[in-house]
Amino acid sequence: METVFTEFLLSDDDSDNDCDSESTVIFGAVLQTFLQRESRVRIDNYISDVVAQFTAVEFRRIYRISVDSLRYLGHQENVRIISNIFDVADSSVIVSRDRFISAILNNLKDRFIRWPSGAAEKNDVVRKFREKRGFPGIVGCIDGTHIHIKPPTEHPQSYVNRKSFHSVILQAVCLQDMKISNCFAGFPGSVHDSRVLRQSDLWDEANMACGQNHILGDGAYPIKTWLMTPYRNTGNLTQIQKRYNAAHSATRSIIERVFAMLKGRFRRLRYIEVQQIKTVNEIIITCCVLHNISILDGDAALDMMDDDEEDNIQQNAVNNLQGPDQQGILKRDQIAANLQ
1 METVFTEFLL SDDDSDNDCD SESTVIFGAV LQTFLQRESR VRIDNYISDV
51 VAQFTAVEFR RIYRISVDSL RYLGHQENVR IISNIFDVAD SSVIVSRDRF
101 ISAILNNLKD RFIRWPSGAA EKNDVVRKFR EKRGFPGIVG CIDGTHIHIK
151 PPTEHPQSYV NRKSFHSVIL QAVCLQDMKI SNCFAGFPGS VHDSRVLRQS
201 DLWDEANMAC GQNHILGDGA YPIKTWLMTP YRNTGNLTQI QKRYNAAHSA
251 TRSIIERVFA MLKGRFRRLR YIEVQQIKTV NEIIITCCVL HNISILDGDA
301 ALDMMDDDEE DNIQQNAVNN LQGPDQQGIL KRDQIAANLQ
């Protein structure tokens with residue numbers, strides 16, 4: 001992996017003309033951090049004490065990335081404002097952004113957004129989830145959140161959600177350490193959570209990926225052997241069912257904190273002023289990759305949490321058109337009976 005980074009970082013010509021072109025953009029300081037971790041060479045407070053002192057020109061020369069592309073993801077300023085800040089053309093900011101995103105998605109996505117692999121890693125995830133409220137067998141928590149977007153050029157009305165703003169849905173599964181293990185973005189904001197799940201790769205892959213374990217989802221999702229949902233509260237829940245729901249809710253809430261951290265760190269996700277849905281989706285997934293890299297580097301960014309929960313999707317319980325999953329119901333009952 002280090003060889004790939006090095007080749008990519010050195011792939012451009014070092015001519016003066018190249019140094020003047022802010023459109024030549026690759027990776028960034030986050031990859032420098034990764035390289036330091038891979039080689040076990042770390043500099044304490046490297047970003048705050050060293051990188052923060054660089055001018056835009058020095059940053060570009062050292063990291064072969066224009067700082068405007070990182071600012072684009074971390075702030076809500078539009079392209080015109082960013083281009084004025086760094087004294088470059090609007091088109092250069094867009095090219096920088098697109099090259100940076102392509103580099104992240106092509107080289108890092110599969111490395112950093114992945115399901116727990118191997119028995120030891122899965123068992124560690126299950127153990128740490130269980131330590132919270134005693135809920136067994138959890139390998140992830142799933143939810144969806146709205147990403148506010150500019151009305152797209154095609155079928156804009158279908159992107160209007162129940163809060164009356166245009167959005168796409170980010171579906172994500174997180175681990176106990178707040179890393180994202182699976183993500184899927186792009187469905188219009190008017191679409192129900194359960195439909196997004198059914199159209200994602202996770203629907204076909206989760207049964208094998210989970211094995212005897214499961215992920216936790218709220219009542220918007222159908223119950224499956226690999227997807228544990230709460231009991232629907234119709235006013236007559238037993239104490240066992242109430243205890244199950246309480247443990248389920250307390251454990252599953254971590255995905256809501258992940259979304260808050262993601263939007264707090266990458267403020268671009270509060271509003272993406274782009275009309276091309278493909279680009280919107282790529283921006284969202286890139287932020288998810290960078291989120292995981294930051295978590296691995298020990299930067300939990302708890303001070304950056306977005307307190308606004310209005311974008312998190314809360315929908316009525318779904319009607320399972322294929323009928324109830326009896327095996328899933330039985331598994332839930334067994335878990336509920338054994339919870340202390």
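Going by the UniProt record's numbering, 308 is the number at position 308 of the sequence shown; the sequence numbering is gapless.
From the three backbone atoms N, C-alpha and C, an ideal C-beta is built for every residue, glycine too.
Tell me whether the beta-carbon of residue i lies closer than 7 Å to the beta-carbon of residue j.
i: A172; j: I285; result: no
i: R133; j: A209; result: no
i: residue 341; j: D325; result: Given that the chain is displayed from residue 1 to residue 340, the structure contains no residue 341 and the question cannot be resolved.
i: P136; j: V125; result: no
i: L227; j: I215; result: yes
i: C183; j: C288; result: yes
i: T145; j: L108; result: no
i: T225; j: K331; result: yes
i: L105; j: A247; result: no
i: S190; j: N161; result: yes
i: R270; j: K263; result: yes
i: Y221; j: S200; result: no
Counting along the chain, where does the beta strand (DSSP E) carrying residue i start and finish?
i: T145; result: I138 to H148
i: L170; result: S167 to C174
Nearest to residue i by alpha carbon, out of the options?
i: K150; options: K163, D143, I138 and S167; result: S167
i: V139; options: T279, I94 and A206; result: A206
i: I329; options: I254, Y244 and K263; result: Y244
i: K179; options: K278, N338, I295 and D333; result: I295
i: H148; options: L175, P188, E131 and C174; result: P188
i: R99; options: T279, L175 and H192; result: T279
i: M261; options: N292, N123, R198 and I104; result: N292
i: N213; options: F112, R130 and A103; result: R130
i: I113; options: V160, T238 and L175; result: L175
i: T229; options: A336, R111 and S164; result: A336
i: R267; options: L290, D201, R195 and I254; result: L290
i: V274; options: T153, S102, V95 and V196; result: T153
i: residue 341; options: N281, D218, R270 and L237; result: Here the chain covers residues 1 to 340 and nothing more, so residue 341 does not appear.
i: R97; options: D110, N233 and E282; result: E282
i: G211; options: V95, P156 and G118; result: G118
i: S158; options: I101, I277 and T238; result: I277
i: R127; options: S102, F259 and D177; result: D177
i: R232; options: F259, H155 and D333; result: D333
Who are residue i's beta bridge partners in DSSP?
i: K224; result: L227
i: I272; result: I149
List the endpoints of the continuous alpha helix (DSSP H) containing residue i.
i: R133; result: A119 to R133
i: V160; result: Unbroken run through V160: none, as it is neither H nor E.
i: H291; result: I277 to L296
i: F112; result: K109 to F112
i: R267; result: Taken as a continuous stretch (DSSP letters only), R267 belongs to no alpha helix (DSSP H), as it is neither H nor E.
i: L330; result: Q326 to N338
Taking only runs that begin and end inside the segment 177 to 260, name each unbroken alpha helix (DSSP H) of 4 or more residues, in chain order.
193 to 199, 201 to 210 and 239 to 252
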